[in-house]
Amino acid sequence: MITERDQNVFNQKETDDQFVDWKGRKANPGKHGGITAAAFACVVEMFTNMVFLANAINFITYFNKSMHYPHATSANMVTNFMGTSFLLSILGGFIGDSIFTRFTTFIVFCTIELLGLILLTIQAQNPQFRPALNEKPSQSEAAILYTGLYSMAAGVGGINASLPAHGADQLDHGNQRLISAFFNWFFFSLCLGGLISCTVMVWVEENKGWNWSFTITAIVLSLALSIFISGGPFYRHKLPGGSALPRFIKVLASAARNCKASPEERVENQYAVSAINPNRVDGKSHNKFKFLDKALIDNTISEAQIEETRTFLGLLPIFASTIMMNCCLAQLQTYSVVQGVLMNRKLHNFKIPISH
């Protein structure tokens, strides 16, 4: 639940952000941003998630049958790929906040993923780049595979960090119902892409071969990149203003450094900050994570930064709760697929694809 105080922080952040058009001029609210611009992000998400899941959910069969890795090694490769994809979102978010605009960040990382897919496509289509029957992959064959695989992982990480944030940037952050509706449609697009990948693309991989799967997903990703770029004139681009991660670290370090400060000293500094900092957020302090208030003793820390850090810490238990769920998904994407290969999957004249 968003409190009035949190809303003040969000509104202040929206005011501080600077938006420009694709030529670097100040964005015109009547021409740039809005629902149409945000819709591009939803469409592109459907395609990019389809590309990612179409390969990720069935990679273990490619590693085992085409590249001749043992089941245990193949499963480890899949989980390493998935983990790298998600962890690199931190790097992608940092780049999108601090170095490039999110528009540019998406283009860079989507291109990296596309190059990785093209490399995997070339390997899948040319037997000379894959190991012979009953032979282990050579160092050069493994190098091609790992280069393509982790280029994909890097691209996915950057896309996951930049695309939803770019879509939300197109909307007024003060309109929480509109922001909520956007993320509902964004999640629907994500699920729709996953549905296509788990049905159509898995069938292609099993019945037509991985060379067809990689080729189709490379074409789809190229289409997604083209659609995203074509929306450039409609977007408003938020200029890089620095990543939130260093601000969190700064607030936590300041609170730890001043943990032994007396309550009187903290109150005096709060009044001082209120006098010299016009961007200070007014209102009563939250009851949770009250130790963060001691960071106000450092006059370089604003109360908005403290509220931002407080919100982040409040989200950590939610993030942590997904760890066990992803452990279960790791089994579903690895050994459950191997088990499916050994099962009788025929239902009359229909053969159920492995990853369904």
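Under the UniProt record's numbering, think of the first position of the sequence shown as 1, with each following residue one higher. Where a beta carbon is used, it is the ideal one built from N, C-alpha and C, also for glycine.
For Ser193, does the count of other Cβ atoms within 10 angstroms reach 16, so buried, or fall short, so exposed?
Numbered from its first residue, the sequence shown carries residue 193 at position 193. The question names Ser, but residue 193 is Gly in the sequence shown. Flag for Gly193 reads buried.
Please state whether DSSP places Glu68 in a helix, a strand or coil.
For the purposes of this step, residue 68 is taken as residue 68 along the sequence shown, with counting starting at 1. According to the sequence provided, residue 68 is His. The question's Glu does not apply to it. Three-state result, His68: coil.
Span of the alpha helix (DSSP H) holding Leu292?
The residue labelled residue 292 in the question sits at position 292 within the sequence shown. Element bounds for Leu292: n/a, residue is neither H nor E.
Please report the straight-line C-alpha distance between Lys351 and Ile219, rounded to a whole angstrom.
Position 351 of the sequence shown, counted from the first residue, corresponds to residue 351. Position 219 of the sequence shown, counted from the first residue, corresponds to residue 219. One C-alpha to the other measures close to 27 Å.
Could you tell me whether the Cβ atoms of Ala295 and Asn258 are closer together than 9 Å?
The sequence position of residue 295 within the sequence shown is 295, counting from 1. The sequence position of residue 258 within the sequence shown is 258, counting from 1. Contact: yes.
Contact check, Gly92 vs Ser162, beta carbons under 9 Å
For this step, residue 92 is matched to residue 92 along the sequence shown. For this step, residue 162 is matched to residue 162 along the sequence shown. Contact: yes.
Could you pull the DSSP bridge partners for Val20 from this structure?
In the sequence shown, the residue the question calls residue 20 occupies position 20. Lys26 and His237, per the DSSP bridge assignment.
Pull up the DSSP beta-bridge partners for Phe350, would you.
Counting from 1 along the sequence shown, the entry for residue 350 is found at position 350. Its beta-bridge partners are Leu347.
Cβ-Cβ separation, Asn58 to Val202 (assumed contact under 8 Å), whole Å:
Reading the sequence shown from its first residue, position 202 is the one you call residue 202. Reading the sequence shown from its first residue, position 58 is the one you call residue 58. The pair is a contact, with the Cβ atoms about 6 Å apart (cut-off 8 Å).
Start and end residues, alpha helix (DSSP H) containing Ala181
If you number the sequence shown from 1, residue 181 lands on position 181. Its alpha helix (DSSP H) spans residues Gln176 to Ile196.
N-terminal and C-terminal residue of the alpha helix (DSSP H) that Gly155 is part of
Counting from one through the sequence shown, the residue named residue 155 turns up at place 155. Counting along the chain, the alpha helix (DSSP H) containing Gly155 begins and ends at Gln139 to Asp169.
Do you know whose CA, among Ser213, Pro233 and Ile306, lies nearest Gly30's CA?
Along the sequence shown, read from residue 1 onward, the residue named residue 30 stands at position 30. Of Ser213, Pro233 and Ile306, the residue nearest in Cα terms is Pro233.
Use the C-beta contact count for Gly148: other C-beta atoms within 10 angstroms, 16 or more gives buried, fewer gives exposed.
As a working note, residue 148 is residue 148 in the sequence shown. It counts as buried.
Would you call Ser230 buried or exposed, if buried means 16 or more other Cβ atoms sit within 10 Å of its Cβ?
Mapped onto the sequence shown, residue 230 falls at position 230. Exposed is the call here.
When DSSP labels each residue in this structure, what does Gln333 get in the three-state scheme?
Position 333 of the sequence shown, counted from the first residue, corresponds to residue 333. Note: Gln333 maps to coil in three-state DSSP.
Out of Lys23, Gly24, Glu45 and Asp21, which has the shortest C-alpha to C-alpha gap to Ser226?
Mapped onto the sequence shown, residue 226 falls at position 226. Per the Cα distances, Glu45.
Note down, in chain order, each residue of its chain lying with its Cβ closer than 7 Å to the Cβ of Ala168, except the 5 sequence neighbours on either side.
In the sequence shown, counting from the first residue as 1, residue 168 sits at position 168. These residues qualify, in order along the chain: Ile179 and Phe182.
Quick one: grab the DSSP three-state call for Ser131.
Counting from one through the sequence shown, the residue named residue 131 turns up at place 131. Just to set this straight, residue 131 is Pro in the shown sequence, not Ser. Coil, per DSSP.
Taking just the CA atoms, how far does Val251 sit from Leu221?
Reading the sequence shown from its first residue, position 221 is the one you call residue 221. Reading the sequence shown from its first residue, position 251 is the one you call residue 251. In a straight line, the C-alpha of Leu221 is about 40 Å away from that of Val251.
For Leu119, which residues from the same chain have a beta carbon less than 8 Å from its beta carbon, with the 5 sequence-adjacent residues on both sides left out?
Walking along the sequence shown from the start, residue 119 turns up at place 119. Correct list, in chain order: Ile144, Thr147, Gly148 and Ser151.
Going by C-alpha distance, which of Ala75, Cys42 and Phe186 is nearest Gln331?
Here residue 331 is taken as the residue at index 331 of the sequence shown, counted from 1. For the residues Ala75, Cys42 and Phe186, the minimum Cα distance to Gln331 belongs to Ala75.
Given Asn160, which residues of its chain have a CB within under 6 Å of its CB, disregarding the five upstream and five downstream residues?
Position 160 of the sequence shown, counting from 1, holds the residue named residue 160. Closer than 6 Å at the Cβ level, and outside the excluded window around Asn160, lie Ser89.
My assumption, with CB atoms under 8 Å, is that Ala54 sits in contact with Thr217. Please give the rounded CB distance.
Residue 54 sits at position 54 when you count from the first residue of the sequence shown. Residue 217 sits at position 217 when you count from the first residue of the sequence shown. Contact flag correct, Cβ pair sits at about 5 Å.
Considering only C-alpha positions, which residue in the set Ile249, Lys346 and Ala142 is nearest to Ile301?
Position 301 of the sequence shown, counting from 1, holds the residue named residue 301. Here the closest residue by C-alpha is Ile249.
9 Å Cβ cutoff met for Thr121 and Phe214
Your numbering for residue 121 matches position 121 in the sequence shown. Your numbering for residue 214 matches position 214 in the sequence shown. Yes; because the gap between Cβ atoms is below 9 Å, this pair is in contact.
Proximity below 9 Å, CB of Val20 to CB of His348:
Residue numbering aside, residue 20 sits at position 20 when the sequence shown is read from its first letter. Residue numbering aside, residue 348 sits at position 348 when the sequence shown is read from its first letter. Against a cut-off of 9 Å, the Cβ pair of His348 and Val20 comes out as no contact.
CA nearest to the CA of Phe106, picked from Ser254, Ala253 and Ala224
Counting from one through the sequence shown, the residue named residue 106 turns up at place 106. Out of Ser254, Ala253 and Ala224, Ala224 has the C-alpha closest to the C-alpha of Phe106.
Whole angstroms are fine: how far does the CA of Ile323 sit from the CA of Phe289?
Numbered from 1 along the sequence shown, position 289 holds the residue referred to as residue 289. Numbered from 1 along the sequence shown, position 323 holds the residue referred to as residue 323. The alpha-carbon atoms of Phe289 and Ile323 are separated by roughly 23 Å.
Tell me the rounded alpha-carbon separation between Lys136 and Gln123.
Numbered from its first residue, the sequence shown carries residue 136 at position 136. Numbered from its first residue, the sequence shown carries residue 123 at position 123. Near 15 Å, if we compare the C-alpha coordinates of Gln123 and Lys136.
Would you call Ala72 buried or exposed, if buried means 16 or more other Cβ atoms sit within 10 Å of its Cβ?
Within the sequence shown, the letter at position 72 stands for residue 72. Its Cβ having fewer than 16 others within 10 Å, Ala72 is exposed.
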